[in-house]
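2 protein chains.
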Amino acid sequence: MSPRKTRAPATRIDAAEAKAELPPRARILKSAHELFYGQGIRGVGVDAVAAAADTNKMTLYRHFTSKDELVAAYLREVAAGIEASWERIGRLHPDDPKGHIIAWLKDMGRQMERPESRGCPITNAAIELPDETHPGRQVIEAHKRGMRRRFAENARKAGLKRAEMIGEQLLLLLDGAGVSLQTIGHESRPIATLIRHAEWLLEMDEGK
Amino acid sequence: MSPRKTRAPATRIDAAEAKAELPPRARILKSAHELFYGQGIRGVGVDAVAAAADTNKMTLYRHFTSKDELVAAYLREVAAGIEASWERIGRLHPDDPKGHIIAWLKDMGRQMERPESRGCPITNAAIELPDETHPGRQVIEAHKRGMRRRFAENARKAGLKRAEMIGEQLLLLLDGAGVSLQTIGHESRPIATLIRHAEWLLEMDEGK
DNA sequence: TTGCCATGTTACCGACCGGTAACATCCCGT
DNA sequence: ACGGGATGTTACCGGTCGGTAACATGGCAA
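Going line by line, the protein sequences match chains A and B.
In terms of this note's numbering, the first sequence has 869 at position 47, counting the first letter as 1, and numbering is strictly consecutive.
In terms of this note's numbering, the second sequence has 947 at position 125, counting the first letter as 1, and numbering is strictly consecutive.
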């Protein structure tokens, strides 16, 4: 409609605009995160991602060689964020590996309890992308193996026998909670079950 | 190529043909199961389902009013099969609710350990179909609530306190195992972890 | 001022999607 | 022998998909 926008006097901050004037690549990744997570990767077209980022398909394809690569970048960003939160919370609990695990699970639980939450984005992507050759799949596998390793390592540092088994059990419970949110719904409180069960697991390691 | 097929002498059995001559609706549901489960619901078109069922799109749409309804029928079929297996195994373990749960989990585990397994079809559909209005969603929610109820009811019959909590925990572990198959892969033995953990849960209920 | 490079814009491509119309064919009960 | 209902076939529809070409525009640095 309006013939041209002049794009304000080239000023930054540029309030009221969509993504607060981040560089295009960052805006695209941010929009990709919102849309892919909320509607599913296969349910969102590249055009919609570009439009939500206040840009267009051409610019998107100058930063990502394909939709699959955009998806992989999105997953890398999510994985990096989760791993950063693990490190951050670890620094709050020095020499307390059990407390580290529980505090991190509670932090994840807080995010998952938001009503619009659809569980773990990495898990959802794994189910949405069965193709073994998809570039996102190595991100998925590395991230989940990493989480299991972190759980097991902390369990070991806490002196628990069966540390490997506990790592695997915590991974099952965490992913199960994310799934339960999307099947039964939030009111069944799978997060509370997860936390209570995790605390219990870390206490009574001596059983068998 | 060949001008006409004469479709063999109208005989049944008709070996070497694709689906062993079930009626079209059953063939369509069977193919839908194979394709939807193997490649994801959103990754399979109705044309592909019809072709795999040795029929065509028109016949498919005479039996199902839309793809969404076909998906819902597929999910109902899966749910009915799982519930039938629960009942069948229950009859093998009369007056042994714990044994019923464990035997059923082992049966599920046996199916999930096949290398082409992609976990629970209902769970996968829940993640693939975020739209709350999709006709399959009520099938998903009813089925998962039903499984939790069955677990809890048997735990209660076994005299366990915290029966509701155990039902929820078993549901998390089962769904977590299905997810883990699709992220880390089969070699991490999430099924073994699930079974061992379930047996442990059902034994030491007295803790708190 | 000049020139370059990132970004924006428009249009387009072939492929595939879910869904339908019109018509040919076949099997089976009567 | 006949008729009817289920099935098969072909073609088509509008829309959307991922991806690209060609060109316009803008800001910024030398």
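Ideal Cβ placement from N, Cα and C applies to all residues, glycine included.
Which of the three DSSP states, helix, strand or coil, is assigned to residue i?
i	result
residue 867 of chain A	coil
residue 819 of chain B	Because chain B spans 823 through 1030 in this model, residue 819 of chain B falls outside it and cannot be assessed.
residue 887 of chain A	coil
residue 876 of chain A	coil
residue 1014 of chain A	helix
residue 936 of chain A	coil
residue 860 of chain B	helix
residue 915 of chain B	coil
residue 1026 of chain A	coil
residue 954 of chain A	coil
residue 982 of chain A	coil
residue 1007 of chain A	coil
residue 840 of chain B	Note that residue 840 of chain B has pLDDT 42, beneath the 50 cutoff, so the model's placement of it is unreliable and no number is given.
residue 943 of chain A	helix
residue 845 of chain B	coil
residue 1020 of chain A	helix
Which bits of chain A does residue i rub up against, with CB to CB less than 7 Å?
i	result
residue 991 of chain B	1015, 1019
residue 862 of chain B	950, 952
residue 967 of chain B	1006
residue 887 of chain B	Correct list: empty, because the minimum Cβ distance to chain A is about 21 Å.
Looking only at C-alpha atoms, which of the options sits nearest to residue i?
i	options	result
residue 893 of chain B	B:910, B:843, B:944	B:944
residue 884 of chain A	A:874, A:897, A:868, A:899	A:868
residue 927 of chain B	B:1008, B:1000, B:1005	B:1000
residue 971 of chain B	A:1010, A:1026, A:986, A:934	A:1010
residue 1019 of chain B	B:964, B:886, B:895, B:924	B:924
residue 1022 of chain B	A:1006, A:901, A:987	A:987
residue 1004 of chain B	B:913, B:854, B:861	B:861
residue 995 of chain A	A:895, A:914, A:1013, A:983	A:1013
residue 1002 of chain B	A:990, A:1002, A:1006	A:990
residue 942 of chain B	B:1025, B:858, B:873	B:858
residue 985 of chain A	B:1025, B:1015, B:983	B:1015
residue 903 of chain B	B:865, B:997, B:914, B:929	B:929
residue 965 of chain B	B:952, B:953, B:955, B:947	B:947
residue 912 of chain B	B:973, B:1017, B:931, B:882	B:973
residue 863 of chain B	B:949, B:955, B:1026	B:949
residue 846 of chain B	B:866, B:865, B:880	B:880
residue 901 of chain B	B:1025, B:951, B:963, B:877	B:963
residue 931 of chain B	B:871, B:952, B:907	B:907
residue 997 of chain B	B:960, B:967, B:983, B:1025	B:967
residue 872 of chain A	A:1026, A:882, A:866	A:882
residue 866 of chain B	A:951, A:895, A:914, A:897	A:951
residue 821 of chain B	A:1006, A:915, A:954, A:916	Any answer about residue 821 of chain B is impossible in this case: the structure gives chain B only from 823 up to 1030.
residue 905 of chain B	B:961, B:916, B:1026	B:961
Starting from the beta carbon of residue i, find every residue of chain A whose beta carbon is closer than 8 Å, and list them in chain order.
i	result
residue 963 of chain B	1005, 1006, 1007
residue 987 of chain B	1015, 1018
Could you name the residues of the same chain whose beta carbon sits closer than 7 Å to that of residue i, not counting the 5 residues immediately before and after it, in chain order?
i	result
residue 969 of chain B	993
residue 889 of chain B	868
residue 896 of chain B	851, 854, 855, 858
residue 870 of chain A	857
Could you tell me which chain A residues have their CB closer than 9 Å to the CB of residue i, listed as they occur along the chain?
i	result
residue 997 of chain B	994, 997, 998, 999, 1000, 1001, 1002, 1005
residue 978 of chain B	Residues of chain A passing the Cβ test: none, with the nearest at roughly 17 Å.
residue 1012 of chain B	990, 993, 994
residue 867 of chain B	Residues of chain A passing the Cβ test: none, with the nearest at roughly 12 Å.
In chain order, what residues of the same chain have a beta carbon less than 8 Å from the beta carbon of residue i, not counting five sequence neighbours either side?
i	result
residue 1008 of chain B	935, 937, 939
residue 891 of chain A	957
residue 899 of chain B	851, 855
residue 877 of chain B	846, 849, 850
residue 1024 of chain B	920, 923, 924, 977, 980, 982, 988
Residue i versus chain B: which residues are under 9 Å apart at the beta carbon?
i	result
residue 945 of chain A	949, 1001, 1004, 1005
residue 931 of chain A	Correct list: empty, because the minimum Cβ distance to chain B is about 13 Å.
Run through chain B and tell me which residues come within less than 7 Å of residue i, C-beta to C-beta.
i	result
residue 940 of chain A	952
Check whether the Cβ of residue i lies closer than 7 Å to any heavy atom of the ligand ATP, and answer yes or no.
i	result
residue 923 of chain A	Absent from the structure shown: the ligand ATP. Ligands present: none.
Inter-stretch contact at 8 Å, needing at least 3 Cβ pairs: the region 972-980 of chain A / the region 908-926 of chain A: Contact holds between the region 972-980 of chain A and the region 908-926 of chain A, because three or more Cβ pairs, one in each stretch, are under 8 Å apart.
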